Each structure stands twice: as C-alpha cells, then as structure tokens.
Amino acid sequence: MTVAGSTRYPPFIDDLARSESGRLLRAELGRRWPETPDQLDAIVRYALLPAGKMLRPMMTLHAAEAVGGSPRDVLAAALATEYLHVATLVHDDIIDADTLRRGRPAVPVKYGIPGAIVAGDHLIFHAFRAVVEGGRGVPPGPVVAAVAALAEAGQDLCRGQALEARLVGDLDAGARWYPEMIRLKTGALFRAVCEIGALLGGADQPVASALARYGEHLGMAFQIRDDLLSYLATPEQTGKPATSDLNNGRPTLPLLLAYDAVTDATRVELLAVLHRRGAGPGDVEWIAALLRDVGAVDGARLRMVGHAELARAELAVLTPSAGTDVLTGIAAWMTSGTA
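According to my numbering, the sequence shown is numbered sequentially starting from 43.
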C-alpha cells in the first residue's frame, strides 16, 4: 500500500488519497453506506460521502503497515476513526452555527439540528463497533486496548471542546490554555488513530505508545495549521467560511500571539473586534493586517513546525518500510502549504 510517485508537498496528501489505501477506504466506505431510503442512514451517508482526504483512517492503515501488520486487516478500524471524526464535525457545526462544510451545506443546515445530533451519535456508536470488527483475528488484549484508546480520545475531544468554549473571547486565558486545548481537541484523535493501527497491526506497547505520541504531536501541528489556514486560504480551499473562527470568537494561535505582542491600546481594540465577532466594517482586514505586522502568522508557523518535528522523532522506533515512509511524509506535509 505504497503511494505512487515522489513525496511532494503539498500534493503528497492528494497522492495519498489516490493511492491504493485511499481507494480501498473509499470503496469500503461506499459499500458500508449505500444509498438508502432510511432517513438516518441517508444523513450519515451525506456526512461521510463524498469523503474528504480521510487523513485519519489513512494514518491508521499505515501505522499498522509500519509495525508489520496488514492494512487490509484493519480497514474497518480505520473507518472507525473517520466515523468519530465526522461525528465531531457534525456536532461542531451545530455548536458553531456554521452553514458550510466541505464546500456544501452542513448537515444541520440540510437536515435540521435534531437529525444532525442523532446522526452524529449514530456515527459514534458505529465507530466502536467498527474497531471491534477490525480486531477480528487479533488477540483480545490489543482489541480491548484499541477500544480504550478510541474511548479516551472521545472523552478528550469533549474536554477540549468544553475548554475551547470557555476560552471564547478571553485571550488572556486563551494564551495560557491553548496548548492543552488543542492537545485535547485535535491531538487526542490523531493519537488514537495511530495507536489503534499499531495495536491491531501487532506492535508491542512501547512502539504503540511511540506512535501514539507521534499522532498527538501531529494533531497539535494540524490544529495550528488549521488556525493558519483561516488567514492564508480561501473558503474554496478550506470548505468553510473564511471568517468562521473570528465569527465564533475562537482563540486561534495567531490571534493569541498578536495579543501578546501588541500595546495595551491595541489589545483593547483587538478584544472589541473579537467580542463583536468580526462583524464591524473593516474588522477582518484590520485583523489580517495586525497579524502580518506583528509576525503572528510566522510565530504560529514556528510552533507548528516544532510539533511536526517532535512527531517525526517518535518514528525512530520503527524499521524503514513503506508505511514508515508515509507517516514521515504526512509529518512533512503538515508544515507545507503555509509559507
């Protein structure tokens, strides 16, 4: 399950999505969620398909491959990580009142909030079922550990979401709690997808733990990357409104770094923009200029690179293989495309 062609950045992830692994995941996802008159399954299918890059399940497959396992054997468990991820997106769109997801109406907009809540819950339970299914033929110990890893990630996601909600509009507290918030909100699931792949692929606990740490650091880099893309990419590239984070008062890292760097008078103005959710005339342009002037985007990029380098260091426990190459390539891709 290697990726054809060289490891280019950022096209590397597009190559990965078109690889044998990507084709297998998409085919299996379509097989498990066919078109149906059942309303609940139809909502879930809309949330899942067409699939995005499927980075998290791809990491599960290649974590298994990197420790000597068969990616095909963990296919169901890999999809479990996509189920949990998409469930959180559906629920996030309710919380944030976002109307756009992956370039089309978000699930709550198309099907209503009650349907979106139930569909998200449905996906969570499917995730646990799929991990167990992906562990068939594996000794009970690693399967139990994989289920526990998914459960812990889900709990951490909830803690991270709750912490982020408490930090809305509070840049003083945001600066203090941001690292923990992104570790829980985003790092946790990346941690689990790699640990699950390693456990079901036959890794011993020290190697599985190293891959879990790789995933956690990679997830934190990914969240910082997402923070940056809010200011560097178009809505067509991100699949959500450019002002989504600002509209929600979310304490992204560039804003926190800017707040730390400016004078008291500018802090007052920045807080005012945040409290009115960027709705004033020229607010978005003022924020963009401020971030550029104080070097906040460059500062956030350095933090992102630091986490990606820590992630790569954890791969030293692995023997060279196609799977290891893919995990290394994902870490390198993480810091591309934001220059």
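C-beta: ideal position from N, C-alpha, C; glycine also.
These numbers come from a predicted model, not from an experiment.
Would you kindly work out how many angstroms separate the C-alpha atoms of residue i and residue j, rounded to a whole number?
| i | j | result |
| --- | --- | --- |
| proline 362 | leucine 313 | 49 Å |
| arginine 114 | alanine 120 | 10 Å |
| glutamine 81 | alanine 195 | 29 Å |
| glycine 371 | alanine 307 | 44 Å |
| alanine 373 | threonine 123 | 19 Å |
| valine 186 | arginine 143 | 34 Å |
| leucine 165 | glutamate 311 | 42 Å |
| alanine 190 | histidine 168 | 15 Å |
| proline 79 | methionine 376 | 39 Å |
| arginine 65 | glycine 216 | 40 Å |
| valine 128 | alanine 250 | 24 Å |
| leucine 389 | tryptophan 75 | Any answer about residue 389 is impossible in this case: the structure gives the chain only from 43 up to 381. |
| threonine 305 | leucine 241 | 50 Å |
| glycine 177 | aspartate 325 | 51 Å |
| glutamate 222 | threonine 130 | 18 Å |
| proline 248 | proline 92 | 36 Å |
What three-state label does DSSP hand residue i in the structure shown?
| i | result |
| --- | --- |
| arginine 218 | helix |
| leucine 360 | coil |
| proline 150 | helix |
| arginine 319 | coil |
| arginine 143 | strand |
| aspartate 80 | coil |
| arginine 114 | helix |
| valine 421 | Shown here, the chain extends from 43 to 381; a query on residue 421 therefore has no answer. |
| glycine 177 | coil |
| valine 304 | coil |
| tryptophan 328 | helix |
| alanine 93 | coil |
| arginine 345 | helix |
| alanine 31 | Shown here, the chain extends from 43 to 381; a query on residue 31 therefore has no answer. |
| aspartate 268 | helix |
| tryptophan 375 | helix |
| proline 98 | Going by the sequence as given, residue 98 is arginine instead of proline. DSSP places arginine 98 in helix when its eight states are reduced to three. |
| threonine 370 | helix |
Apart from the five residues just before and just after residue i, which ones in its own chain have a Cβ nearer than 6 Å to its Cβ?
| i | result |
| --- | --- |
| glycine 365 | His104, Glu107, Ala108 |
| alanine 230 | Ala195, Asp198, Leu199 |
| alanine 118 | Ala172, Glu175, Gly176 |
Please look up how many angstroms separate the CB atoms of residue i and residue j, rounded, as I've assumed it's under 8 Å.
| i | j | result |
| --- | --- | --- |
| valine 116 | glycine 243 | 6 Å |
| alanine 330 | tyrosine 273 | 6 Å |
| leucine 67 | methionine 101 | So it is not a contact: roughly 11 Å between Cβ atoms. |
| aspartate 135 | valine 149 | 6 Å |
Determine whether the Cβ of residue i lies closer than 9 Å to any Cβ atom of chain D.
| i | result |
| --- | --- |
| alanine 195 | The chain inventory of the structure shown lacks chain D, comprising one protein chain alone. |
Can you find the residues in the same chain that come closer than 7 Å, C-beta to C-beta, to residue i, ignoring five residues on each side of it along the sequence?
| i | result |
| --- | --- |
| arginine 354 | Thr370, Ala373 |
| leucine 295 | Tyr220, Ile266, Asp269, Ala342, Arg345 |
Exercise. Are the segment 314-333 and the segment 290-302 touching by the rule of at least three beta carbon pairs closer than 8 Å?
Worked result: yes
Problem set entry | Stretch pair the segment 160-180 + the segment 82-101: three plus CB contacts closer than 8 Å | yes
Exercise. Using 8 Å as the Cβ pair cut-off and three pairs as the minimum, do the segment 259-269 and the segment 335-348 touch?
Worked result: Under the three-pair Cβ rule at 8 Å, the segment 259-269 counts as touching the segment 335-348.
Exercise. Is the segment 293-306 touching the segment 329-344 in the sense that three or more CB pairs, one from each, lie closer than 8 Å?
Worked result: yes
Exercise. Given 8 Å as the limit, is there contact between the segment 224-239 and the segment 198-213, that is, 3 or more CB pairs closer than that?
Worked result: yes
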